[in-house]
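Line by line, the protein sequences are chains A and B.
For what it's worth, our numbering labels the leading residue of the first sequence as 410, then goes sequentially.
For what it's worth, our numbering labels the leading residue of the second sequence as 15, then goes sequentially.
The beta carbon of each residue, even a glycine, is placed where N, CA and C say it ideally should be.
Scroll down for the structure; my scribbles are underneath it.
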Amino acid sequence: MTLPIIEVRNIVTSFGKNLIHDHVNCTIHRNEIYALLGGSGSGKSTLMREMILLERPQSGTIRVLGHDLSTLTPLEAIRLRRSWGVLFQSGALYSSLTVGENIALLYTEYTDLSPKLIDELIQLKINLVGLPPHAKHLYPSQLSGGMVKRAALARALALDPKLLFLDEPTSGLDPLSSRQFDALIQQLRDLLGLTVIMVTHDLDTIHHIVDRFTLLGEKKAIAEGTLKEVLAIDHPIIDYFFQKGQHGITR
Amino acid sequence: MQSVIPASLTITHESIQTLLKCKGHWTIENLSEVSDQLENLTLQPTILWDVAEISEIDSAGIALWQLNNRLFEQKGHQCETIGIRNEHSHLYRLLYSKSFQDSPPPDLPSWLYRLGRETHSSFLGIGTFLSFLGEAFILLFFTLRHPHLIRYRSIGAHILETGAKALPIIAISAFLIGVVVAYQSVVQLQKFGADIFIVDMIGISLTRELAPLITAIVVAGRSGSAFTAQIGAMKMTQEIDAMRTMGFDPFTFLVWPRVFALMIVMPLLIFFADMVGIFGGMVIANAQSNLSFTEFINRLQGALALKHYLIGIIKGPFFAFLIAFVSTYRGFQVSMNTESIGQYTTKSVVNSIFLVIACDAIFSILLTELKL
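Here's what the structure looks like:
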């Protein structure tokens with residue numbers, strides 16, 4: 410058994426008096442597509458933000474790629490941040506830079522590759538995520554919602570990360586684009602050996618590409634496992650979340 | 015952690031072919047040396063890439079190999095690759111499966127075209143500003159006929175924000191201007207033994223010109239920029255669209271309350287700046303030429319005609335109108351990217367300070383011609 414990629418143990422988070430996580434646990438293994446699920450306000454995005462060092466839990470440990478996040482030195486933190494890519498819900502592309510420059514930023518800051526090679530890499534990443542070649546020269550404000558997500562994914566993949574964090578990757582996309590996006594994520598996982606962690610509400614995504622997930626609710630991790638395993642558990646929140654019996658997802 | 019073997023490239027020249035033997039980790043951190051090596055090569059007609067000993071490769075490694083392969087082929091070399099490992103070919107196929115196409119950057123139009131376009135758009139800008147003003151006034155007359163639509167609370171809030179909270183910075187600026195003017199004039203006037211005229215100097219120059227101007231500049235920098243940024247941010251978050259759909263007109267809700275508040279507050283701020291500025295002058299006059307405060311005030315009553323003070327105060331609403339209108343107009347121009355907020359805020363402050371100074375010049379000429 411190899412070491413898990415991410416281990417979350419007994420996380421407690423609260424904003425002021427508002428308790429978000431009450432001893433939450435989850436384990437993410439190499440090369441799986443893992444989802445954090447839950448209703449609005451269940452703290453799934455917060456958990457993800459804690460994994461990527463944007464927020465700190467009050468107590469508990471999170472180990473990412475074997476590093477305990479609470480005892481990182483600044484240098485280790487920089488190295489760790491380079492080994493993951495993050496796709497934010499709204500894309501978070503730098504609006505003053507073109508798509509190409511958004512991607513190039515990581516190469517020029519972190520490597521000393523020649524401009525020609527950087528150009529080739531940008532074009533590769535743009536092709537990889539299925540954007541048209543001329544998208545390189547467009548500004549984020551000139552892109553449609555789906556293209557913004559793809560461009561942001563291209564930027565997240567720039568440094569060939571081992572870990573990919575996706576915050577609601579298919580929200581705001583039409584159903585067809587959502588499925589294409591799912592297929593793309595799955596292909597990347599299979600071919601690049603990525604581990605993908607996503608926050609999502611999209612039942613189709615959960616059904617088709619997610620290997621395992623954690624369902625958060627009532628400040629706890631209610632269930633963890635594959636869809637089949639979780640659906641076998643009887644719990645009102647699970648019933649509610651998967652709308653059992655209403656839309657065809659049944660035991 | 016396994017040890018990282020840096021990428022390396024062994025180049026062997028044979029009779030008609032060059033053998034490029036690639037080894038190690040061809041990953042993004044280790045590529046710079048190899049990339050330099052490949053830059054300046056003299057090659058035989060046939061090139062053979064031996065990639066069997068590459069232990070790990072990522073997209074940057076593959077891109078380097080493909081880029082150079084393509085460059086060699088463009089120069090007329092025969093290229094071949096041997097020893098591709100299965101796991102590496104997956105990545106290659108993923109990256110290069112769709113026919114690889116680069117798109118050249120779009121051509122920049124000529125400078126003449128850009129100059130023309132910029133000039134044209136600044137002319138159009140005057141038009142849009144005038145139409146903005148026109149629309150605002152139509153809505154003003156409409157609102158005046160239906161006074162219950164006037165946003166009194168909003169006006170009050172803006173008076174507090176742009177007036178009361180601006181007092182400290184205006185006090186400091188006006189005091190220092192008073193000090194500077196007094197200091198400079200004392201030195202000159204003492205040469206003629208005309209120390210007492212410092213009172214005239216300070217009284218007239220501050221109330222008539224300097225206090226209104228310095229107040230307007232501080233207000234433009236402080237409140238004008240805030241107006242632009244507030245309205246710009248509301249535009250970016252579609253709040254203004256939301257208001258329109260609910261039938262809340264942005265002019266009645268956002269523009270006029272700010273304009274009215276500033277027009278009410280500006281004369282008061284100028285009066286305050288007059289007081290503080292003259293006090294600054296008094297302090298210096300006392301320190302430099304032993305003119306006591308009572309003497310100063312006695313002299314001031316004779317020297318400072320009411321008209322100078324009134325002219326200064328009258329300028330207030332005019333300056334306020336210009337500042338508030340330009341800065342709200344610039345706020346509405348903000349587009350959907352973060353940079354434009356900064357751009358338009360800068361423009362708003364620069365334009366309103368320019369307009370204030372221009373307006374002041376017009377006042378000067380007019381009033382002098384009218385012998386006031």
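Exercise. Leaving out five residues before and five after S354 (chain B) in sequence, what residues of the same chain have Cβ atoms less than 6 angstroms from its Cβ?
Worked result: Translated into the one-based positions of the second sequence, residue 354 (chain B) becomes position 340. Around S354 (chain B): V348.
Problem set entry | Sheet register partners of I68 (chain B) (DSSP bridge) | Counting from 1 along the second sequence, the entry for residue 68 (chain B) is found at position 54. DSSP lists B:G38 as the beta-bridge partner residues of I68 (chain B).
Exercise. In this structure, what does DSSP give as the bridge partners for T32 (chain B)?
Worked result: The sequence position of residue 32 (chain B) within the second sequence is 18, counting from 1. Bridge partners of T32 (chain B): B:H27 and B:I61.
Exercise. At a Cβ cut of 7 angstroms, what residues of the segment 59–77 of chain B count as close to chain A, listed as they run along the chain?
Worked result: The residues in question are D72, S73, A74 and A77.
Exercise. If we cut at 7 angstroms on Cβ distances, does P120 (chain B) have a partner in chain A?
Worked result: Stepping through the second sequence from its first residue, residue 120 (chain B) is reached at position 106. Answer yes: the Cβ-Cβ gap between P120 (chain B) and chain A drops below 7 angstroms somewhere.
Exercise. Any Cβ of chain B within less than 7 angstroms of the Cβ of S523 (chain A)?
Worked result: Along the first sequence, read from residue 1 onward, the residue named residue 523 (chain A) stands at position 114. So yes, S523 (chain A) belongs to the interface.
Exercise. Can you pull the DSSP bridge partners for H430 (chain A)?
Worked result: The residue given as residue 430 (chain A) occupies position 21 in the first sequence. According to DSSP, which records beta bridges pairwise, H430 (chain A) is partnered with A:T422.
Exercise. I42 (chain B) touches chain A at which residues, Cβ-Cβ below 7 angstroms?
Worked result: By 1-based counting over the second sequence, the position of residue 42 (chain B) is 28. In chain order: T520, L568 and D569.
Exercise. Using the beta-carbon of each residue, which ones in chain B are nearer than 9 angstroms to L537 (chain A)?
Worked result: The residue given as residue 537 (chain A) occupies position 128 in the first sequence. Ordered by position in chain B, the residues that pass the 9 angstroms Cβ test against L537 (chain A) are S73, L108, L109 and K112.
Problem set entry | Residue-level contact to chain A via CB, F377 (chain B), 7 angstroms cutoff | In the second sequence, counting from the first residue as 1, residue 377 (chain B) sits at position 363. Chain A, which has no Cβ nearer than 7 angstroms to the Cβ of F377 (chain B), makes this no.
Exercise. Helix, strand or coil for Y548 (chain A) per DSSP?
Worked result: For the purposes of this step, residue 548 (chain A) is taken as residue 139 along the first sequence, with counting starting at 1. Looking at Y548 (chain A) - three-state DSSP - the assignment turns out to be coil, as it is neither helix nor strand.
Problem set entry | CB contact flag (P226 (chain B), M277 (chain B), <7 angstroms) | Counting from one through the second sequence, the residue named residue 226 (chain B) turns up at place 212. Counting from one through the second sequence, the residue named residue 277 (chain B) turns up at place 263. When the beta-carbon positions are compared, P226 (chain B) and M277 (chain B) stay at least 7 angstroms from each other.
Problem set entry | Residues bridged to D477 (chain A) [DSSP beta-bridge criterion] | By one-based count along the first sequence, residue 477 (chain A) stands at place 68. In DSSP, D477 (chain A) forms a bridge with A:R472.
Exercise. Is it true that the segment 570–580 of chain A meets the segment 596–603 of chain A, where meeting means three or more beta-carbon pairs spaced less than 8 angstroms apart?
Worked result: yes
Exercise. Is the CB of E529 (chain A) under 7 angstroms away from at least one CB in chain B?
Worked result: Start at 1 with the first residue of the first sequence, and residue 529 (chain A) comes out as number 120. Answer yes: the Cβ-Cβ gap between E529 (chain A) and chain B drops below 7 angstroms somewhere.
For this session: Output the distance between the C-alpha atoms of E383 (chain B) and E309 (chain B), rounded to the nearest integer angstrom.
Result: Residue 383 (chain B) sits at position 369 when you count from the first residue of the second sequence. Residue 309 (chain B) sits at position 295 when you count from the first residue of the second sequence. Looking at the two C-alpha atoms, the distance is approximately 34 angstroms.
For this session: Run down chain B in chain order and give the residues with a C-beta less than 8 angstroms from the C-beta of H546 (chain A).
Result: Position 137 of the first sequence, counted from the start, is the residue given in the question as residue 546 (chain A). Residues of chain B passing the Cβ test: S117, P119 and P120.
Exercise. Excluding five sequence neighbours on each side, which residues of the same chain lie with their C-beta closer than 6 angstroms to the C-beta of I61 (chain B)?
Worked result: In the second sequence, the residue the question calls residue 61 (chain B) occupies position 47. If we look at I61 (chain B) and ignore the five residues flanking it on each side, its Cβ neighbours are T32, F86, H91 and C93.
Problem set entry | Coarse secondary structure for R167 (chain B), derived from DSSP in three states | Residue numbering aside, residue 167 (chain B) sits at position 153 when the second sequence is read from its first letter. Residue state, collapsed to three classes: helix.
Exercise. Taking only beta-carbon atoms, is H91 (chain B) less than 7 angstroms away from chain A?
Worked result: On the second sequence, residue 91 (chain B) is found 77 positions in, with the first residue counted as 1. Residue contact with chain A for H91 (chain B): absent (no Cβ-Cβ distance below 7 angstroms to any residue of chain A).
Exercise. Using a C-beta to C-beta distance shorter than 7 angstroms, which residues of chain B count as neighbours of P578 (chain A)?
Worked result: Position 169 of the first sequence holds residue 578 (chain A). Within 7 angstroms Cβ-Cβ: nothing; P578 (chain A) doesn't reach chain B, min ~19 angstroms.
Problem set entry | C-beta neighbour in chain A for A247 (chain B), strict 7 angstroms | Walking along the second sequence from the start, residue 247 (chain B) turns up at place 233. So no, A247 (chain B) is outside the interface.
Problem set entry | Contact belief for D209 (chain B) with L305 (chain B) at Cβ below 8 angstroms, rounded distance in angstroms | As a position in the second sequence, residue 209 (chain B) is number 195, starting the count at 1. As a position in the second sequence, residue 305 (chain B) is number 291, starting the count at 1. With a Cβ gap of about 7 angstroms, D209 (chain B) and L305 (chain B) count as contacting.
For this session: Could you tell me which chain B residues have their CB closer than 8 angstroms to the CB of P584 (chain A), listed as they occur along the chain?
Result: Indexing the first sequence from 1 puts residue 584 (chain A) at position 175. Within chain B, no residue comes near P584 (chain A); the closest Cβ sits about 23 angstroms away, beyond 8 angstroms.
For this session: Kindly indicate if chain A contains any beta-carbon less than 7 angstroms away from that of H39 (chain B).
Result: Here residue 39 (chain B) corresponds to residue number 25 of the second sequence, with the count starting at 1. It does not; no Cβ of chain A falls within 7 angstroms.
For this session: With a threshold of 16 other CB atoms inside 10 Å of the CB of M350 (chain B), please say whether the residue is buried or exposed.
Result: Within the second sequence, numbered from 1, the residue matching residue 350 (chain B) stands at position 336. The residue is exposed, with fewer than 16 neighbouring Cβ atoms inside 10 Å.
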